[in-house]
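Report on one structure; see the data block that follows.
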Amino acid sequence: MGLTDTIMVLLTGQSWRVAGQAAAQPSEPLDFPAQMTLDGGKIDLRLMNGYDRAAMLDFSRSLPPHDLLFLRRDITQPKVVEDWVRDLQEDRYVTILALRGTQIAGYATVASDGLAWTRHVAELLVLVSPSMRGLQLGRILTEQAFAIARQRGVRKMIAQMTPDQSAAMRVFSHIGFEKEARLRNQLIDRDGQLHDLQIMSLDVDEFRAKIDLMAISAQHEFV
17 MGLTDTIMVL LTGQSWRVAG QAAAQPSEPL DFPAQMTLDG GKIDLRLMNG YDRAAMLDFS
77 RSLPPHDLLF LRRDITQPKV VEDWVRDLQE DRYVTILALR GTQIAGYATV ASDGLAWTRH
137 VAELLVLVSP SMRGLQLGRI LTEQAFAIAR QRGVRKMIAQ MTPDQSAAMR VFSHIGFEKE
197 ARLRNQLIDR DGQLHDLQIM SLDVDEFRAK IDLMAISAQH EFV
């Protein structure tokens with residue numbers, strides 16, 4: 017029995033949830049490129065590069081408008097994707113692509129703003145094609161992005177979405193994110209309608225401290 021399993025057996029209540037969240041966090045990202053099978057089809061995972069501009073534009077323009085609402089930048093525009101590639105080249109962003117053949121099926125990005133006073137913070141951005149939802153692709157991408165963020169020394173992670181995106185909130189909750197703030201009428205769509213913005217966050221140091229405390233408690237049961 018592994019340590020996480022032992023903790024879950026010995027402790028109850030909130031600790032069960034935290035142990036489950038810890039188990040969902042891969043300690044290391046995959047060795048990209050990688051391949052997996054979802055819904056009977058092959059999915060390739062690799063890091064985005066400058067040759068993916070056209071494929072990303074095709075992907076973003078196929079998404080429902082509401083899916084693009086919580087993104088700060090309109091990724092259906094070529095200049096925005098060009099800026100994205102520049103952020104990748106300057107190591108402010110890391111983006112994992114999921115592809116079916118040559119078409120992008122989803123992506124996850126670890127985004128830092130490059131400012132000195134928020135250098136410990138990164139935002140996790142995840143989008144999945146409607147045809148691939150419900151197949152755990154969003155969770156896989158989120159977990160891999162989380163592992164990359166930890167590898168890069170990120171201490172606080174944030175995710176932003178509209179409150180009606182319950183599936184996205186479940187995915188982030190699964191790895192330990194909690195609701196931090198809800199900003200009323202923070203977003204405006206192309207039709208001029210206002211929407212609330214839900215912010216979720218995870219303090220990596222605090223979360224790891226919880227796991228360490230649980231591990232100590234579990235070990236003491238055998239003393």
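Residue numbers for the sequence shown follow my numbering, so the first one is 17 and each next one is one higher. Each residue gets a CB set at the ideal place from its N, CA and C atoms; glycine is no exception. Nothing here was measured: the structure is a model prediction, and the numbers come from that model.
Can you find at least 3 beta carbon pairs, one from the stretch 189-197 and one from the stretch 67-77, that sit closer than 8 Å?
Counting Cβ pairs under 8 Å, fewer than three are found: no touch.
Cβ neighbour criterion (16 or more within 10 Å) applied to residue 132:
An exposed status is given to residue 132, since fewer than 16 other beta-carbon atoms sit within 10 Å of its beta-carbon.
Rounding to the nearest angstrom, what Cα-Cα distance links residue 24 and residue 73 in this structure?
Only weak support is given to the placement of residue 24: the predicted model assigns it a pLDDT of 40, under 50, and the question is left unresolved by the model.
Could you tell me how far apart the beta carbons of residue 178 and residue 113 are, in whole angstroms, since I believe they sit closer than 8 Å?
Residue 178 to residue 113, Cβ: 24 Å. No contact.
Pull up the DSSP beta-bridge partners for residue 185, would you.
In DSSP, residue 185 forms no bridge with anything.
Quick one: what's got a C-beta closer than 7 Å to residue 238's C-beta in the same chain, skipping five residues either side?
Caution applies to residue 238, whose pLDDT of 40 falls short of 50 and renders its modelled position unreliable; the value that the coordinates give is listed next. Residues of the same chain with their beta carbon placed closer than 7 Å to that of residue 238 are lacking, with the five preceding and five following residues left out of the count.
Does the beta-carbon of residue 240 have 16 or more other beta-carbons within 10 angstroms, so that it is buried, or is it exposed?
In this structure the chain extends from 17 to 239, so residue 240 is not present and cannot be described.
Work out the CA separation of residue 50 and residue 244 for me, nearest whole Å.
Residue 244 cannot be examined here, being either before or after the span of the chain that is shown, 17 to 239.
According to DSSP, residue 123 sits in a beta bridge with which residue or residues?
Residue 123 is bridged to 113, 143.
What are the start and end residues of the beta strand (DSSP E) that includes residue 12?
No information on residue 12 is available, as it lies outside the stretch 17 to 239 that the chain covers here.
So what does DSSP say about residue 198, is it helix, strand or coil?
When secondary structure is reduced to three states using DSSP, residue 198 falls in the strand class.
Under DSSP, the beta strand (DSSP E) around residue 62 begins and ends at which residues?
Counting along the chain, the beta strand (DSSP E) containing residue 62 begins and ends at 57-63.
With distance defined between alpha-carbon atoms, name the residue in 198, 83, 53, 107 nearest to residue 63.
Of 198, 83, 53, 107, the residue nearest in Cα terms is 107.
Integer Cβ distance of residue 214 from residue 195, believed to fall under 8 Å:
Distance from residue 214 to residue 195 at the Cβ level is roughly 7 Å; contact confirmed, criterion being Cβ atoms closer than 8 Å.
CB contact flag (residue 141, residue 125, <8 Å):
The criterion of a C-beta distance shorter than 8 Å is satisfied by residue 141 and residue 125.
Would you say residue 127 and residue 44 are within 8 Å of each other, going by their C-beta atoms?
The answer is no: Cβ separation not under 8 Å.
Close-in-space but distant-in-sequence residues of the same chain around residue 119 (CB under 8 Å, 5 per side omitted)
Contacts found: 71, 74, 75.
Exposure label - residue 204; buried when at least 16 CB within 10 Å
With fewer than 16 other Cβ atoms from the protein chains shown falling within 10 Å of its own Cβ, residue 204 counts as exposed.
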